[in-house]
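Visitor:
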Amino acid sequence: MSQRDYYEVLGVSRSASQDEIKKAYRKKAMEFHPDRNPDNPEAEALFKEAAEAYDVLRDADKRQRYDKFGHAGVSSNGFGGGGFHSAEDIFSQFGDIFGDLFGFSMGGASRGPRAQTGADLRYNLTINFRQAAKGDEVTLKIPKRVSCPECEGSGAAPGTTAETCSRCNGRGQVRQSQGPFSISMPCHACSGTGQIISTPCPRCRGAGIVQEVKELSVRIPAGVDSGNRLRLRGEGEPGIHGGPPGDLYVVISVEQDKTFRRHGQDLIVTREISFVQAALGDRIEVPTLDDPITVEIPKGTQNGEIFRMHDYGLPSLGYGSNGDLLVEIVVKTPTKLSKRQEELLREFAQLEEEKPMTKAKNLFKKVGKAMGVD
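If you read the sequence shown in my numbering, its first letter stands for residue 83, the second for the next number, and so on.
1) Cβ of T242 less than 8 Å from any chain C Cβ?
2) Does G241 pass the burial test, meaning 16 or more other C-beta atoms within 10 Å, or should it be called exposed?
3) Which runs of the beta strand (DSSP E) spanning at least 3 residues fall entirely within the region 269-307, listed in chain order?
4) What span of residues does the alpha helix (DSSP H) with Y136 cover, start to end?
5) So which of V412, G254, I278 has the shortest CA-CA distance to M267?
6) Just to confirm my understanding: we take E319, look at its own chain, exclude 5 residues before and 5 after, and list those with CB closer than 6 Å. What are they?
7) What would DSSP say about D149, mapped onto helix, strand or coil?
8) From the DSSP output, in three-state form, read off Q347 for me.
9) Buried or exposed for K441, please, with buried defined as at least 16 other CB atoms from any protein chain shown within 10 angstroms of its CB.
10) For K381, which residues from the same chain have a beta carbon less than 8 Å from its beta carbon, with the 5 sequence-adjacent residues on both sides left out?
11) Is it right to say V91 is buried, meaning 16 or more other beta carbons lie within 10 angstroms of its own, or is it exposed?
12) Could you spell out the range, first to last residue, of the beta strand (DSSP E) harbouring R253?
13) Whose C-alpha, out of C230, P231, C233, I279, is nearest the C-alpha of G252?
14) To the nearest angstrom, report how far apart S97 and E124 are at their CA atoms.
15) Comparing C-alpha positions only, which one of R353, A238, P284 sits nearest to P374?
16) Leaving out five residues before and five after L128 in sequence, what residues of the same chain have Cβ atoms less than 7 Å from its Cβ?
17) Could you check which residue in D348, Q359, A431, E387 has the C-alpha nearest to that of P397?
18) Count the other CB atoms, across all protein chains shown, that sit within 10 Å of the CB of V336; report buried if there are 16 or more and exposed otherwise.
19) According to the neighbour-count rule (16 or more other Cβ atoms, all chains shown, within 10 Å of its Cβ), is L408 buried or exposed?
20) What is the residue span of the alpha helix (DSSP H) that E102 lies within?
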């Protein structure tokens with residue numbers, strides 16, 4: 083028998099969106115669901131046909147091959163189509179379709195509780211500016227739940243084992259009829275675990291998990307900033323029903339520094355100079371993350387002027403370069419002057435009006451000496 087076109091099976095156009103295809107399949111699956119059509123081979127065949135069509139059209143790669151080559155492009159001896167042999171195959175593959183619609187799984191025998199990944203954890207870590215700038219290795223004490231070492235996470239006392247739940251036969255779910263459908267719900271006798279623990283572990287009381295404080299050594303990379311996160315795989319909560327553990331996210335908060343301000347990977351440092359140094363120029367010492375450096379202040383430097391010292395900033399995460407050091411100049415005006423200093427400044431102001439710059443510069447040097455600036 084020739085196969086029908088998959089778009090025709092679902093009743094959608096060849097340009098249908100993924101959302102339209104999903105809705106169409108839901109409608110067909112509900113119409114031909116085995117619980118709604120008991121002992122009806124034709125409905126079961128249509129149920130499988132709709133599932134096969136959805137399996138191909140929901141996958142962008144399969145859909146592209148089907149559009150180009152037809153059924154041959156997705157056949158089982160090629161790339162593989164649905165290949166569903168029973169309703170059980172369909173329930174195991176597309177259980178989420180029915181769960182999205184009804185809030186529970188429909189049809190098919192449960193295979194027991196599914197393994198689930200453990201919850202992720204967050205740890206807020208505050209470090210000082212130097213640790214962020216240079217990197218560091220810190221030890222964290224994380225309160226977390228871990229598999230019980232006494233029973234190795236089984237929940238049963240050492241030397242004993244959990245028994246299969248007699249009500250659900252170890253599946254963790256029981257089936258109940260609701261209208262025309264048969265639905266699966268968690269077994270109340272075993273709380274959906276599929277097992278009954280007659281002799282609980284005395285340490286974890288049958289939970290299989292205990293609370294403890296775990297020490298972890300964490301490497302802080304140089305150049306981190308507030309808000310950066312470090313991911314420690316497998317250091318979160320333990321998995322459920324044999325699932326993998328979650329991850330631990332360490333969220334960084336960097337304290338402010340008394341010397342440097344930060345702008346991305348650049349550092350800003352403010353240095354005060356006298357108006358004599360600003361006018362005549364000078365060499366000043368400026369701190370860095372390592373040893374101090376000397377910065378040349380040219381003649382005529384203005385208040386607020388910034389000098390950029392390349393490569394003296396913070397390391398860039400994931401890159402080989404550093405930021406820069408920005409030296410912000412603040413020209414300090416004296417608030418108290420001696421009589422001699424006032425006389426010299428008045429003389430300087432008079433010379434400025436007459437514009438004999440050479441004499442003015444010489445006088446400025448005198449003013450500098452009077453103020454203690456060489």
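Just so it is clear, CB atoms sit at the ideal spot from N, CA and C, and this is done for glycine as well.
Guide: Once the coordinates are examined:
1) Among the protein chains of the structure shown there is no chain C, as only one such chain exists.
2) Exposure of G241 is indicated by the presence of fewer than 16 other C-beta atoms within 10 angstroms of its C-beta.
3) DSSP assignment within the region 269-307 yields the following whole beta strand (DSSP E) runs of 3 residues or more, N-terminal first: 291-302.
4) Where Y136 is concerned, the enclosing alpha helix (DSSP H) stretches over 123-139.
5) It is G254 whose Cα lies nearest to the Cα of M267.
6) Listed in chain order, the non-local C-beta contacts of E319 below 6 Å within the same chain comprise G200, A201, R227, G328, local neighbours out to five positions each way being set aside.
7) Note: D149 maps to helix in three-state DSSP.
8) Coil at Q347, not helix or strand.
9) With a pLDDT of only 49 at K441, under 50, the local geometry of the prediction cannot be trusted, and the value read off the model is given with reservation. The residue is exposed, with fewer than 16 neighbouring Cβ atoms inside 10 Å.
10) The residues are A361, L362, G363.
11) Buried.
12) That residue, R253, is in no beta strand (DSSP E); it is neither H nor E in DSSP.
13) Ranking the options by Cα distance to G252, first place goes to I279.
14) Distance between S97 and E124, taken at the CA atoms: about 29 Å.
15) Distance from the Cα of P374 is smallest, within the candidate group R353, A238, P284, for R353.
16) Setting aside the 5 residues that flank it on each side, L128 is surrounded in the same chain by F114, each with a C-beta closer than 7 Å to its C-beta; the list follows chain order.
17) Cα-wise, what sits closest to P397 is D348.
18) Label assigned to V336: buried.
19) Its Cβ being crowded by 16 or more others within 10 Å, L408 is buried.
20) If you look at E102, you'll find it in the alpha helix (DSSP H) that goes 100-113.
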